[in-house]
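> Going left to right, the sequence shown walks through residues 5 to 199 as the working numbering numbers them.
Built from N, CA and C at the ideal position, the CB exists for glycine as well.
Source: prediction; values computed, not measured.
Just dropping this structure here.
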Amino acid sequence: MHPTDPSRPLRERLQGLNIYLVGMMASGKSTVGPLLANALGYRFLDADAVIREVAGCTIPEIFDRDGEAGFRSLERQVLQQLSQWHSLVVATGGGIVTVPENWGELRQGAVVWLDVEDGELLRRLQADPGGRPMLEAADPQARLQQLLNERRPLYSQADLRISAGDGTPAEVSARVLAALPELIKAPDAPQTTAP
């Protein structure tokens, strides 16, 4: 049986390939990730939770103590460690794509961008504003737009782009599951967009 035979179960076809969820804060990475991991029989890890555990403090405290550069350095170290494991679904921090060196580790797995339209993203952030140091600004909406403008071209380098602005977390997870076989079938093919 050929390794890309569509009749083989998806988990077997993935051969332990890690799945890295990227996207803006509030895009649903930490909500969709456990569902996706469960469906694949993988382990779920939230990179920010690992960073909090390693640092012994919250993300805002890391930013206050060490600044964004200190946080990104710690985030990089955690990513390097996680990339040594297999069969993981990892919810990454929204800015992980801004450090070019991180792409080396991310590319060892499948990078899935959970894309949420601007208006829905703003609505989600307004509903749950706490603990988001990157939005601490006089005008959080303008800061969000700036981050979107900086990061969207980077997110677009992901292997898959999944629309995550509508539907339940289970539906978004199902979209990822439906798109993964195309990535396995043609790993060098251009990015796939799922509705």
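#1: Which value, in whole angstroms, describes the spacing of the CA atoms of Phe67 and Gly20?
#2: Taking just the CA atoms, how far does Asp143 sit from Thr8?
#3: What is the DSSP secondary structure of Arg111, counted as helix, strand or coil?
#4: Locate the beta strand (DSSP E) running through Ile23, then write down its first and last residues.
#5: What residue from Ala53, Gly108, Gly169 has the CA that sits closest to Ser34's CA?
#6: Do you know how far the Cα of Ala30 is from the Cα of Gln150?
#7: Give the secondary structure of Ala182 by DSSP, where H, G and I count as helix, E and B as strand, and everything else as coil.
#8: Specify whether the region 115-133 and the region 159-166 touch according to this definition: at least 3 beta carbon pairs, one from each stretch, less than 8 Å apart.
#9: Out of Arg17, Val26, Pro13, state which residue places its alpha-carbon closest to the alpha-carbon of Arg111.
#10: Rank Phe75, Val120, Ser91 by C-alpha distance to the C-alpha of Gly99 and give the top, closest one.
#11: Starting from Trp117, follow its DSSP beta bridges and name the residues at the other end.
#12: Please name the residue in Pro38, Arg80, Leu18, Thr62 whose C-alpha comes closest to that of Val101.
In terms of the structure at hand:
#1: What you label residue 67 is simply residue 63 of the sequence shown in a count that begins at 1. What you label residue 20 is simply residue 16 of the sequence shown in a count that begins at 1. C-alpha separation (whole angstroms): 33 Å.
#2: Here residue 8 corresponds to residue number 4 of the sequence shown, with the count starting at 1. Here residue 143 corresponds to residue number 139 of the sequence shown, with the count starting at 1. With a pLDDT of only 49 at Thr8, under the threshold of 50, the placement of this residue in the model should not be trusted; the figure read from the coordinates follows. Distance between the alpha carbons of Thr8 and Asp143 is about 49 Å.
#3: Working through the sequence shown from its first residue, we reach residue 111 at position 107. Three-state DSSP puts Arg111 in coil, outside helix and strand.
#4: For the purposes of this step, residue 23 is identified with residue 19 of the sequence shown, where counting begins at 1. First-last of the beta strand (DSSP E) with Ile23: 23-26.
#5: Here the question's residue 34 lines up with position 30 in the sequence shown. When each option's Cα is compared against that of Ser34, the closest is Ala53.
#6: Position 146 of the sequence shown, counting from 1, holds the residue named residue 150. Position 26 of the sequence shown, counting from 1, holds the residue named residue 30. The alpha-carbon atoms of Gln150 and Ala30 are separated by roughly 16 Å.
#7: Taking the sequence shown and counting its residues from 1, one reaches residue 182 at position 178. Here Ala182 sits in helix by DSSP.
#8: yes
#9: Counting from one through the sequence shown, the residue named residue 111 turns up at place 107. Distances from the alpha-carbon of Arg111 to those of Arg17, Val26, Pro13 put Val26 closest.
#10: As a working note, residue 99 is residue 95 in the sequence shown. Measuring from the Cα of Gly99, the nearest candidate turns out to be Phe75.
#11: As a first step, residue 117 must be located in the sequence shown, where it is residue number 113. Trp117 pairs with Val26, Arg165.
#12: Residue mapping note: residue 101 aligns to position 97 of the sequence shown, counting from 1. Nearest option by C-alpha distance: Arg80.
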